[in-house]
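Following: one structure in structure tokens, then a few remarks.
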Amino acid sequence: MHTLRLLGVNLLSAVAAAFAVPGSVSAQSVWIRDVTIVSPQLAAPMPDMHVLLNDGRIREIGAAPSAAAQAADDIIDGAGQFLMPGLIDSHVHLRNVPGLLDSHAKAHPDLDRIGRAQIPRSYLYYGFTSLVDLVGAADYVGEWNDLEIRPDVHWCGGAPVANGYPSAFFPPELRFRILPYSLWDAGQGAEVPEGIDPAAQTPEAVVKRMKADGAICVKTFYEPGFGGRRDWPTPPADLVRRLVEAGHAEGMPVLIHANSQEAQGFALETGADIIVHGMWHWNDNERAEQPPQVAELLDDIASRGIGYQPTMQVIYGERDLFDEPFLDDPEFADAVPAELIAWYRTDEGKWFRDRLAGPRGLPDDPSSVNAAPINRLKQTVAKIADSDARLLFGSDTPSAPIYANSHGLNGLLELRALADAGINPARLFRAATIDNARAFGLDREIGTIEPGKAANLLLLGENPLESVKAYDSIEKVILHGRILDRATLSAR
Ligand SMILES: [Zn+2]
Numbered sequence: 009m010h011t012l013r014l015l016g017v018n019l020l021s022a023v024a025a026a027f028a029v030p031g032s033v034s035a036q037s038v039w040i041r042d043v044t045i046v047s048p049q050l051a052a053p054m055p056d057m058h059v060l061l062n063d064g065r066i067r068e069i070g071a072a073p074s075a076a077a078q079a080a081d082d083i084i085d086g087a088g089q090f091l092m093p094g095l096i097d098s099h100v101h102l103r104n105v106p107g108l109l110d111s112h113a114k115a116h117p118d119l120d121r122i123g124r125a126q127i128p129r130s131y132l133y134y135g136f137t138s139l140v141d142l143v144g145a146a147d148y149v150g151e152w153n154d155l156e157i158r159p160d161v162h163w164c165g166g167a168p169v170a171n172g173y174p175s176a177f178f179p180p181e182l183r184f185r186i187l188p189y190s191l192w193d194a195g196q197g198a199e200v201p202e203g204i205d206p207a208a209q210t211p212e213a214v215v216k217r218m219k220a221d222g223a224i225c226v227k228t229f230y231e232p233g234f235g236g237r238r239d240w241p242t243p244p245a246d247l248v249r250r251l252v253e254a255g256h257a258e259g260m261p262v263l264i265h266a267n268s269q270e271a272q273g274f275a276l277e278t279g280a281d282i283i284v285h286g287m288w289h290w291n292d293n294e295r296a297e298q299p300p301q302v303a304e305l306l307d308d309i310a311s312r313g314i315g316y317q318p319t320m321q322v323i324y325g326e327r328d329l330f331d332e333p334f335l336d337d338p339e340f341a342d343a344v345p346a347e348l349i350a351w352y353r354t355d356e357g358k359w360f361r362d363r364l365a366g367p368r369g370l371p372d373d374p375s376s377v378n379a380a381p382i383n384r385l386k387q388t389v390a391k392i393a394d395s396d397a398r399l400l401f402g403s404d405t406p407s408a409p410i411y412a413n414s415h416g417l418n419g420l421l422e423l424r425a426l427a428d429a430g431i432n433p434a435r436l437f438r439a440a441t442i443d444n445a446r447a448f449g450l451d452r453e454i455g456t457i458e459p460g461k462a463a464n465l466l467l468l469g470e471n472p473l474e475s476v477k478a479y480d481s482i483e484k485v486i487l488h489g490r491i492l493d494r495a496t497l498s499a500r
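Pasting the structure below:
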């Protein structure tokens with residue numbers, strides 16, 4: 009459930025200017041001594057280990073330090089600490105500062121600039137060293153990856169059916185410009201827009217094009233409507249089946265936006281690889297208890313090995329907009345610059361909350377917001393927790409122009425929400441490391457601590473296999489072998 013925005017702002021050049029530190033070079037080699045390694049391929053944590061990083065990669069892991077380790081440029085004493093692979097959030101949208109529309113960014117260019125500059129640092133602050141932007145584009149992802157201090161970003165090409173969600177948010181003449189990999193469905197009976205060749209908007213053609221542009225995955229959508237809209241066209245099943253086939257021919261997983269029983273049934277029927285969003289609508293929303301047909305559907309999703317991203321923060325983030333103390337949380341101040349928080353407190357900054365509230369106005373009890381979808385979503389995640397479904401970690405940050413879905417922090421809130429809903433810490437750890445890496449074909453580079461992989465690592469005071477609280481104890485973030493003290497990444 010995310011709103012794409014037409015943006016004329018060149019977001020990342022401002023960030024690049026802020027962080028290009030001339031002459032700063034990462035250490036050539038680092039010896040991390042006496043550390044406990046926690047990595048998903050290991051049956052148990054390995055205490056008292058010695059790890060050598062060199063040239064941005066993990067070079068050696070041993071019970072005793074090698075001569076090369078002892079000669080390293082830098083030494084980190086890891087005694088009493090845990091070393092884990094950097095977290096992977098496989099569902100973000102990096103184009104925008106949450107809550108700022110183009111009109112706000114134009115009216116407050118400083119806020120937009122300050123907000124953007126903090127985005128990469130906030131992901132790192134909360135331990136995310138790799139991200140997947142699910143509706144990305146070569147230009148801004150390229151600019152992001154040119155920054156010196158930022159998580160690595162990969163992207164999916166967004167292939168919605170034209171005139172359906174999210175294409176329908178934009179004026180007809182802009183739909184293909186904003187979503188160039190849109191699929192043309194002649195069955196809609198719509199007129200072909202000027203300058204568009206339907207032969208260039210087939211599943212096969214758009215997948216080839218996005219692959220050539222640098223995408224590693226395909227994202228499509230099944231969304232008949234929300235927020236009072238129920239009239240969006242959805243893609244026909246055969247079109248999505250072709251998209252899945254075309255994606256697989258190029259070695260790319262196909263993700264589908266699907267947050268209802270109907271949509272997730274469609275995902276199963278069309279062979280999509282990864283379901284994006286938990287199920288917060290059933291065919292019968294009057295029921296408070298999960299219907300047996302829903303449980304069966306989730307069992308089928310599990311047994312077919314389909315990846316599942318519950319994205320609980322989509323629903324919680326909307327609720328948190330109504331919760332004034334959210335803005336006072338010290339964690340929010342680490343993620344978001346003070347100037348921007350001050351703006352979120354203004355009436356103008358609360359525009360999206362007011363839009364969600366609609367003519368009914370603000371609720372008396374903010375905790376009642378989204379109570380019914382939260383109930384359905386929690387039962388969905390409880391069912392996933394009880395099954396061997398292929399859980400994948402993705403926060404959908406931001407899912408809409410929601411300041412409560414702040415970059416980086418929202419990932420931590422998603423980890424906590426999943427833990428609260430019954431996912432055990434070891435499973436959560438896998439979902440946010442190796443399982444995400446495998447799902448996106450990145451496991452040769454990241455996802456575990458093994459020689460040869462990228463040195464994207466976290467040093468923590470607590471064991472992430474024991475409690476989700478361990479993610480509060482990150483002390484150092486290691487980015488391609490470069491050691492960053494966590495505190496230097498805070499927005500404060
Ligand atoms: Zn999204």
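492 is the number that my numbering gives to position 484 of the sequence shown; each next residue is one higher, with no gaps.
Idealized CB from N, CA, C, for every residue including glycine.
For clarity, every value in this text was computed on a predicted model and none was experimentally measured.
- In this chain, K461 is not harboured by any beta strand (DSSP E), its DSSP state being neither H nor E.
- Comparing alpha carbon positions, the residue from A208, E202, K219 and G273 closest to F229 is G273.
- Taken in chain order, the complete alpha helix (DSSP H) segments of 4 or more residues contained in the region 141 to 198 are 146 to 153 and 183 to 186.
- For Q298, the closest alpha carbon among the candidates Q269, N464 and A207 is that of Q269.
- Using a Cβ distance threshold of 8 Å, V284 and H265 count as a contacting pair.
- Residue environment for N432: exposed (fewer than 16 other C-beta atoms within 10 angstroms of its C-beta).
- Nearest Cα to F401 within the set P333, R67 and T319: T319.
- In terms of Cβ geometry, I410 and L329 form a close pair [threshold 8 Å].
- Ligand 1 approaches S407 closely enough that one of its heavy atoms is under 7 Å from the residue's Cβ.
- With a cutoff of 8 Å on beta-carbon distance, E339 and L417 are scored as near each other.
- The C-beta distance from V169 to D193 rounds to 5 Å, short enough to fall under 8 Å.
- According to the DSSP assignment, N62 belongs to the beta strand (DSSP E) that extends over M54 to N62.
- Of the candidates N104, P371, R217 and S190, the residue whose Cα lies closest to the Cα of A146 is R217.
- Rounded to the nearest angstrom, the gap between the Cα atoms of A397 and G236 is 32 Å.
- Remark: C-beta atoms of F437 and P48 approach each other more closely than 8 Å.
- Per DSSP, reduced to three states, the secondary structure at S130 is helical.
- A390 and I204 have their C-alpha atoms roughly 45 Å apart.
- Using a cutoff of 7 Å, the CB of H99 counts as near ligand 1, since one of the ligand's heavy atoms is closer than that.
- Distances from the CA of R435 to each of S403, G419, E458 and S475 were compared; the closest alpha carbon is that of S475.
- When the five nearest sequence neighbours on each side are left out, the beta carbons in the same chain lying within less than 6 Å of the beta carbon of L468 are those of F90, A478, S481 and I482, in order along the chain.
- Relative to ligand 1, L142 has its C-beta within less than 7 Å of a heavy atom.
- Distance from the Cα of K386 is smallest, within the candidate group H415, A427 and D451, for A427.
- Judged by beta-carbon spacing, T137 lies within the 8 Å limit of L487, meaning their Cβ atoms are closer than that value.
- Judged by the Cβ position, D246 fails to qualify as a neighbour of ligand 1 at the 7 Å threshold, every heavy atom of the ligand being at least this far.
- Within the region 291 to 372, the runs of beta strand (DSSP E) at least 3 residues long that lie entirely inside it are, in chain order, 315 to 317.
- For M92, the enclosing beta strand (DSSP E) starts and ends at F90 to P93.
- Rounded to the nearest whole angstrom, the C-alpha separation of N153 and H162 is 9 Å.
- Taking non-hydrogen atoms of ligand 1 into account, the C-beta of D292 is found less than 7 Å away from none of them.
- Of the candidates L420, A207 and D141, L420 places its Cα closest to the Cα of A440.
- In this structure, V43 is the residue among D118, I442, F177 and V43 with its C-alpha nearest to the C-alpha of N471.
- The region 275 to 282 makes no contact with the region 338 to 355, as fewer than three CB pairs between them are under 8 Å.
- When the alpha-carbon of E356 is set against those of G70, H112 and I84, the nearest one is in H112.
- Boundaries around G70 are those of the beta strand (DSSP E), R65 to G70, since no alpha helix (DSSP H) includes it.
- Here P159 is not near L187, since their CB atoms are 8 Å or more apart.
- Separation of the CB atoms of A463 and R65 is rounded to 6 Å, and the pair is thereby assigned contact status at 8 Å.
- Taking 7 Å as the cut-off, one finds at least one heavy atom of ligand 1 near enough to the beta carbon of D404.
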